[in-house]
Amino acid sequence: MHHFRPIATCFLNLLTLTPYGPLHLSGGSSPSESGNPTRRFSLFPSIPLDMEDYLKLFVEETSFYNRLVLGTFLPESWWGPLPHMLQGWLRNYIGGVLLYFISGFLWCFYIYHLKRSVYIPKDAIPSNNAMLLQISVAMKAMPLYCALPSLSEYMIENGWTKCFARISDVGWPSYVIYAAVYLVIVEFGIYWMHKLLHDIKPLYKYLHATHHIYNKQNTLSPFAGLAFHPLDGILQAVPHVVALFLVPMHFTTHIALIFLEALWTANIHDCIHGKVWPVMGAGYHTIHHTTYRHNYGHYTIWMDWMFGTLRDPVEEDAKKM
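Numbering (mature numbering (1 follows the signal peptide of the UniProt record, and there is no 0)) for the sequence shown: -22 to -1, 1 to 299.
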């Protein structure tokens, strides 16, 4: 067992590391070897001054995003008096709606019109009514979807997570390692959250079934990517937030990955199998929508492969021949 001690020690060090130094669950500061107070990560209000200065970087960044988005689309008199967190929610809502419609319309225009019958057989193209229903479901859920990134920003700005503001705070090698570990945690978490939404009958009946009414190729479209019960969509995004408490993560990258989910979910619902290993593309996800018991993964096929739920679209096509 002693061979595993270095690995275990390394993992524990990762879990207790923050950009501000080792993790401490109390306020105040402890003297370093040089006699200067060390920065502490605290889950409590008593945060040292240098920690407060560092956390201001997150607030400045989100304030910039607020001015950029809200200032472009709304008079400042409408959003300026709002509390910072509410400004963040409104910015996330406007950004989410724009991303959903712009990406969805461009995607559909390309695959259903410019490349008509190239990627999708004519009889498999979803009807306008089907896509309008998906848009309606997504728009009803969008206000609650945006609560999660707004909450994560609040926790980050208050120093509750392991987020760091600048890549230079940790260096590029560490940034890449942390981002990779973050993505593994997200992949693992979304796989099991998705699987439980199928396996636990009340969760499926009252939450996930809303999304699975789209169970044939001619009912799936890029607009189905966010057509969930709002609580279902939030639960499947929760691993993005949980990971912030487990591994240091660059703040801007975290925000970008959350919003890229809108593009990714559009991609895996367009029914076009890209055949890029090990990506869990639309070919795999279309099988999930027709069997309900396979391909629960998110970005890659690895979790389904490890846990025995993988079904390959190429092999499925071969069986039909």
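Virtual Cβ for every residue (Gly too), placed ideally from N, Cα, C. Note that the structure is a prediction, hence the values are computed from the model and not measured.
So what does DSSP say about residue i, is it helix, strand or coil?
{"i": "residue 249", "result": "coil"}
{"i": "residue 268", "result": "helix"}
{"i": "residue 302", "result": "This structure cannot settle anything about residue 302, because the visible part of the chain is limited to -22 through 299."}
{"i": "residue 139", "result": "coil"}
{"i": "residue 176", "result": "helix"}
{"i": "residue 278", "result": "strand"}
{"i": "residue 145", "result": "helix"}
{"i": "residue 228", "result": "strand"}
{"i": "residue 286", "result": "coil"}
{"i": "residue 96", "result": "coil"}
{"i": "residue 84", "result": "helix"}
{"i": "residue 62", "result": "helix"}
{"i": "residue 105", "result": "coil"}
{"i": "residue 192", "result": "coil"}
{"i": "residue 152", "result": "helix"}
{"i": "residue 52", "result": "coil"}
{"i": "residue 273", "result": "coil"}
{"i": "residue 186", "result": "helix"}
{"i": "residue 166", "result": "helix"}
{"i": "residue 9", "result": "Since pLDDT at residue 9 reaches only 36, below the 50 mark, its modelled position is unreliable, and the value read off the structure follows with that caveat. Residue state, collapsed to three classes: strand."}
{"i": "residue 207", "result": "coil"}
{"i": "residue 130", "result": "helix"}
{"i": "residue 198", "result": "coil"}
{"i": "residue 67", "result": "helix"}
Using CA atoms only, rank isn't needed, just tell me which of the options is closest to residue i.
{"i": "residue 185", "options": "214, 91 and 262", "result": "214"}
{"i": "residue 181", "options": "134, 209, 199 and 128", "result": "209"}
{"i": "residue 275", "options": "292, 248, 243 and 104", "result": "243"}
{"i": "residue 142", "options": "43, 289, 37 and 277", "result": "37"}
{"i": "residue 231", "options": "34, 40 and 29", "result": "40"}
{"i": "residue 75", "options": "89, 206, 28 and 117", "result": "117"}
{"i": "residue 33", "options": "112, 241 and 140", "result": "140"}
{"i": "residue 178", "options": "271, 246, 249 and 94", "result": "271"}
{"i": "residue 129", "options": "233, 262 and 255", "result": "233"}
{"i": "residue 290", "options": "281, 273 and 284", "result": "273"}
{"i": "residue 97", "options": "196, 284 and 44", "result": "196"}
{"i": "residue 293", "options": "224, 253, 183 and 155", "result": "253"}
{"i": "residue 138", "options": "221, 119 and 169", "result": "221"}
{"i": "residue 73", "options": "94, 93 and 49", "result": "49"}
{"i": "residue 120", "options": "288, 53 and 240", "result": "240"}
{"i": "residue 125", "options": "219, 256 and 262", "result": "219"}
{"i": "residue 136", "options": "157, 35 and 284", "result": "35"}
{"i": "residue 123", "options": "93, 194 and 71", "result": "71"}
Taking all protein chains shown into account, do 16 or more other C-beta atoms lie within 10 angstroms of the C-beta of residue i, making it buried, or fewer, making it exposed?
{"i": "residue 258", "result": "buried"}
{"i": "residue 91", "result": "exposed"}
{"i": "residue 42", "result": "exposed"}
{"i": "residue 99", "result": "exposed"}
{"i": "residue 68", "result": "buried"}
{"i": "residue 282", "result": "buried"}
{"i": "residue 341", "result": "Given a span of -22 to 299 for the chain in the structure shown, any question on residue 341 remains unanswerable."}
{"i": "residue 286", "result": "exposed"}
{"i": "residue 46", "result": "exposed"}
{"i": "residue 217", "result": "buried"}
In whole angstroms, what is the alpha-carbon distance linking residue i and residue j?
{"i": "residue 112", "j": "residue 132", "result": "30 Å"}
{"i": "residue 159", "j": "residue 226", "result": "9 Å"}
{"i": "residue 229", "j": "residue 144", "result": "8 Å"}
{"i": "residue 237", "j": "residue 81", "result": "12 Å"}
{"i": "residue 62", "j": "residue 78", "result": "24 Å"}
{"i": "residue 114", "j": "residue 212", "result": "17 Å"}
{"i": "residue 102", "j": "residue 127", "result": "35 Å"}
{"i": "residue 84", "j": "residue 31", "result": "42 Å"}
{"i": "residue 153", "j": "residue 223", "result": "16 Å"}
{"i": "residue 134", "j": "residue 260", "result": "33 Å"}
{"i": "residue 51", "j": "residue 278", "result": "36 Å"}
{"i": "residue 95", "j": "residue 65", "result": "44 Å"}
{"i": "residue 262", "j": "residue 256", "result": "11 Å"}
{"i": "residue 4", "j": "residue 207", "result": "With a pLDDT of 35 at residue 4, under the threshold of 50, the modelled position of that residue is not reliable, and the figure given next carries that caveat. Going by the C-alpha atoms only, they are around 39 Å apart."}
{"i": "residue 280", "j": "residue 198", "result": "24 Å"}
{"i": "residue 183", "j": "residue 169", "result": "19 Å"}
{"i": "residue 93", "j": "residue 235", "result": "29 Å"}
{"i": "residue 288", "j": "residue 194", "result": "19 Å"}
Output yes if chain D places a C-beta closer than 8 Å to the C-beta of residue i; else output no.
{"i": "residue 76", "result": "The structure shown contains no chain D; it is built from a single protein chain."}
Pairing CB atoms from the stretch 89 to 108 with CB atoms from the stretch 149 to 163, are three or more of them under 8 Å? no
Contact the stretch 41 to 60 vs the stretch 151 to 171: 3+ CB pairs below 8 Å: Not touching, per the Cβ criterion.
Touch check for the stretch 250 to 270 and the stretch 189 to 207: three-plus C-beta pairs under 8 Å? yes
Do the stretch 169 to 176 and the stretch 84 to 100 touch if we need at least three Cβ pairs shorter than 8 Å? no
Counting pairs of beta carbons, one from the stretch 243 to 254 and one from the stretch 191 to 206, are three or more of them closer than 8 Å? yes
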